[in-house]
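Novice: Read in order, the letters of the first sequence are residues 11 to 430 in the working numbering.
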Amino acid sequence: MKPLQSLRGMVDLLPGQTPFWQRIEATARDHFRRAAVEEIRTPLLEVTELFARGIGEATDVVGKEMYSFEDRGERHCTLRPEGTASVVRAAIQHGLVAQGPQRLWYGGPMFRYERPQAGRQRQFHQIGLEFLGHADPRSDVEAIAIAWDLLMDLGVGGLSLELNSLGSADDRLRYRADLVTWLEAHREDLDPDSQQRISTNPLRVLDSKNPQTQALLAGAPTLADALNGESRERFLRVRQGLEALAIPFRLNPRLVRGLDYYGHTAFEITSSQLGAQATVCGGGRYDGLVEQLGGPPTAAVGWALGMERLVLLLQAGGGEGGSAPAPDVYLISRGEMAEAQALALARGWRRQGLVVALDLSGSAYGKQFKRADRSGARWAAILGDAETAEGVVILRDLRGEATEDRRLTPDAVAGVLGAA
RNA sequence: GCGGGCGUCGCCAAGUGGUUAAGGCAGUGGCUUGUGGCGCCACCAUUCGGGGGUUCAAGUCCCCUCGCUCGCCCCA
Numbered sequence: 011m012k013p014l015q016s017l018r019g020m021v022d023l024l025p026g027q028t029p030f031w032q033r034i035e036a037t038a039r040d041h042f043r044r045a046a047v048e049e050i051r052t053p054l055l056e057v058t059e060l061f062a063r064g065i066g067e068a069t070d071v072v073g074k075e076m077y078s079f080e081d082r083g084e085r086h087c088t089l090r091p092e093g094t095a096s097v098v099r100a101a102i103q104h105g106l107v108a109q110g111p112q113r114l115w116y117g118g119p120m121f122r123y124e125r126p127q128a129g130r131q132r133q134f135h136q137i138g139l140e141f142l143g144h145a146d147p148r149s150d151v152e153a154i155a156i157a158w159d160l161l162m163d164l165g166v167g168g169l170s171l172e173l174n175s176l177g178s179a180d181d182r183l184r185y186r187a188d189l190v191t192w193l194e195a196h197r198e199d200l201d202p203d204s205q206q207r208i209s210t211n212p213l214r215v216l217d218s219k220n221p222q223t224q225a226l227l228a229g230a231p232t233l234a235d236a237l238n239g240e241s242r243e244r245f246l247r248v249r250q251g252l253e254a255l256a257i258p259f260r261l262n263p264r265l266v267r268g269l270d271y272y273g274h275t276a277f278e279i280t281s282s283q284l285g286a287q288a289t290v291c292g293g294g295r296y297d298g299l300v301e302q303l304g305g306p307p308t309a310a311v312g313w314a315l316g317m318e319r320l321v322l323l324l325q326a327g328g329g330e331g332g333s334a335p336a337p338d339v340y341l342i343s344r345g346e347m348a349e350a351q352a353l354a355l356a357r358g359w360r361r362q363g364l365v366v367a368l369d370l371s372g373s374a375y376g377k378q379f380k381r382a383d384r385s386g387a388r389w390a391a392i393l394g395d396a397e398t399a400e401g402v403v404i405l406r407d408l409r410g411e412a413t414e415d416r417r418l419t420p421d422a423v424a425g426v427l428g429a430a
């Protein structure tokens, strides 16, 4: 019979890679802890309407990328395609936003039904930050700084922070009208995709990867010019805040985020080493979302970081973290008494904090030593029936040249290893 | 959803129409050694993702299908 395979776009993370993931998770946790950001965990499955209302009916994510189905109770369910909507829903549902500003983070799998490619899977993982109830431009700056510092701490180089302001809802509405008239006037010169987007999502035309369209866009009205005084002032303060923290950024007036809820500050952290899917972290301000989902008017900023892409960067950078930790001792046993005793010995040493690998093969000494070597352990502990009867264990330094074996009581082993 | 590339043992990888499908790594068994790292011997794809077809003959050509991969779209 043919072996079963994982579903397309659903990948297994094998032991060789999980250390990278653990490192990212541990580092993120630590940064959040020090920034007084609390963790929130929400279900992977939500009612479809949450995303439809939150992310926007017209977005691709909602329109064609959701894993949706009906459960046995005929409820319309969707595997979360992103984290923000769920976090906001939970914050409203449990009255968190009413209790004052919230600083939250989350992590876990997200699902989007797309064609897999480099840095893009159907089940992928994000770590995200959400500040709810924070309107001050300084909160934008702090949110970005946390992401930036986290990435820097992980040793990811070659990153660039791109920044833009999408202005207020009014700004965008006005700009959108201007842009559409301009695009209509130049319709003939646009690539087919962009022509299509004039009606569906005109702002996204700015983002087009088509070089000709990009060149043409030089003459288009800009979003920056459409911002009102208040929006401009706000954006200025965000930029000043980043400058004050010496976080380098590049203004990108073409940066438009794909989810409907973004306004004012929008940013992406990208890498040139990632292929087509260059964004490692993306986010921005979403002041209208909480209200849109039935909560009180609440200002908010946040971002999400793509774990897979980050792992790719870590690996490309030849970073550490990809190898399994070697055991401190590899315990070899042979003989009926010894084999039974070995289990207890291993347990005792583990209680003392040692990393103990136990050979359960029952094969010849030679084989067991071979495996001991390959395990990378520095020490081998040997236990035969003779040793068991005497209440000792032989300790051998597998890396020492002419070091002699030592006969020790099991209790002495941890001490010797600690000293060596 | 649309394009391009690819698909030989767990991993890497020869092979480009003609008797029995190289090799390396890993794995397994054994030899040597009061015990391991080196070395040596043996085993490890009746089969080339799957299904059709062409041919005297196909892993090698054609078609379909599945999968992987890169890109578009979109996004983290």
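Ideal Cβ placement from N, Cα and C applies to all residues, glycine included.
Note the first and the last residue of the continuous alpha helix (DSSP H) segment covering A8.
Specialist: An answer regarding residue 8 cannot be provided, because it is not within the stretch 11 to 430 covered by the chain.
Novice: Looking only at C-alpha atoms, which of D235, V365, W115 and K380 sits nearest to L189?
Specialist: Closest by alpha carbon: D235.
Novice: Just the C-alpha distance for V71 and P91, rounded to the nearest angstrom, thanks.
Specialist: Roughly 7 Å separates the two Cα atoms.
Novice: By the DSSP assignment, the alpha helix (DSSP H) with G239 in it spans what residues?
Specialist: First-last of the alpha helix (DSSP H) with G239: G239 to A254.
Novice: Would you mind giving the Cβ-Cβ distance between F141 and A310, rounded to the nearest angstrom? I have them listed as a contact below 8 Å.
Specialist: With 8 Å as the limit, F141 and A310 qualify as a contact, their Cβ atoms being about 6 Å apart.
Novice: For the 8 Å Cβ check, are there 3 or more pairs between the region 14 to 32 and the region 295 to 309?
Specialist: Output reads no: the region 295 to 309 does not touch the region 14 to 32.
Novice: Can you name the start and end residues of the beta strand (DSSP E) that I342 belongs to?
Specialist: First-last of the beta strand (DSSP E) with I342: V339 to R344.
Novice: DSSP on M20, reduced to helix/strand/coil?
Specialist: Of the three classes helix, strand and coil, the one that applies to M20 here is coil, per DSSP.
Novice: Rounded to the nearest angstrom, how far is the Cβ of S175 from that of S241, given a contact under 8 Å?
Specialist: Indeed they touch by this definition, with Cβ atoms about 6 Å apart.
Novice: Three or more beta-carbon pairs under 8 Å between the region 283 to 298 and the region 318 to 328, yes or no?
Specialist: Cβ pair count under 8 Å is three or more, so yes.
Novice: Is V266 closer than 7 Å to L200 when the C-beta atoms are compared?
Specialist: Cβ distance not < 7 Å, so L200 and V266 don't count as in contact.
Novice: Which ranges does the beta strand (DSSP E) cover as unbroken runs of at least 3 residues, wholly within the region 66 to 143, from first to last along the chain?
Specialist: Counting whole runs of 3 or more residues, the region 66 to 143 contains the beta strand (DSSP E) stretches 77 to 80, 86 to 89, 112 to 121 and 133 to 142.
Novice: For H196, name the three-state secondary structure that DSSP assigns.
Specialist: It is coil, neither helix nor strand.
Novice: What ranges does the beta strand (DSSP E) occupy inside the region 345 to 418, keeping only unbroken runs of at least 3 residues that lie completely in it?
Specialist: With a minimum length of 3 residues, the continuous beta strand (DSSP E) runs that stay inside the region 345 to 418 are 366 to 368, 389 to 394, 403 to 407 and 416 to 418.
Novice: By how many angstroms is the C-alpha of F277 removed from the C-alpha of R99?
Specialist: Cα to Cα, the separation comes out at about 23 Å.
Novice: In three-state terms, what does DSSP make of T232?
Specialist: It is coil, neither helix nor strand.
Novice: Would you call the region 153 to 163 in contact with the region 48 to 57, where contact means no fewer than 3 C-beta pairs closer than 8 Å?
Specialist: Judged by Cβ distances under 8 Å, the region 153 to 163 makes no contact with the region 48 to 57, as fewer than three pairs qualify.
Novice: Just curious, the beta strand (DSSP E) that V151 is in, first and last residue?
Specialist: Unbroken run through V151 is the alpha helix (DSSP H), P147 to D163; no beta strand (DSSP E).
Novice: Taking buried to mean at least 16 other C-beta atoms within 10 Å of its own C-beta, is R406 buried or exposed?
Specialist: Label assigned to R406: buried.
Novice: Would you kindly work out how many angstroms separate the C-alpha atoms of R125 and Y272, rounded to a whole number?
Specialist: Taking the straight line from one Cα to the other gives about 25 Å.
Novice: Throw me the rounded Cβ distance for the H196 and R244 pair, which I believe falls under 8 Å.
Specialist: With 8 Å as the limit, H196 and R244 do not qualify as a contact, their Cβ atoms being about 31 Å apart.
Novice: How is the alpha helix (DSSP H) around R207 delimited, first residue to last?
Specialist: Element bounds for R207: P202 to T210.
Novice: Quick one: grab the DSSP three-state call for V321.
Specialist: It is helical.
Novice: Would you kindly report the start and end of the unbroken alpha helix (DSSP H) that includes L299?
Specialist: Counting along the chain, the alpha helix (DSSP H) containing L299 begins and ends at L299 to Q302.
Novice: Any idea which residues DSSP pairs E48 with across the strands?
Specialist: Per DSSP, L114.
Novice: Nearest CA to the CA of T69: which residue from V423, E56, T210 and A36?
Specialist: Looking at the Cα atoms, T210 is the closest of the given residues.
Novice: Name the DSSP bridge partner or partners of F277?
Specialist: F277 pairs with L173 and G293.
Novice: Express the C-alpha separation of T52 and P119 in angstroms, rounding to a whole number.
Specialist: Distance between the alpha carbons of P119 and T52: 11 Å.
Novice: Whose C-alpha, out of W115, G64, V57 and E397, is nearest the C-alpha of C87?
Specialist: Out of W115, G64, V57 and E397, V57 has the C-alpha closest to the C-alpha of C87.
Novice: Starting from A310, trace the beta strand (DSSP E) in both directions and tell me its first and last residue.
Specialist: Note, A310: beta strand (DSSP E), A310 to G316.
Novice: Could you give the residue range of the alpha helix (DSSP H) that holds L226?
Specialist: From DSSP, the alpha helix (DSSP H) with L226 extends over P221 to L227.
Novice: Measure the CB-CB distance between A256 and A336 and report whether it falls below 7 Å.
Specialist: Not a contact, by the Cβ cut-off of 7 Å.
Novice: What did DSSP end up calling L55 once you bin it into helix, strand or coil?
Specialist: Strand.
Novice: Taking just the CA atoms, how far does L55 sit from L14?
Specialist: The alpha-carbon atoms of L14 and L55 are separated by roughly 25 Å.
Novice: Just grab the DSSP bridge partners of R186 for me.
Specialist: Per DSSP, none; premise fails for R186.
Novice: Would you report the Cα separation of N238 and Q131, rounded to the nearest angstrom?
Specialist: Looking at the two C-alpha atoms, the distance is approximately 39 Å.
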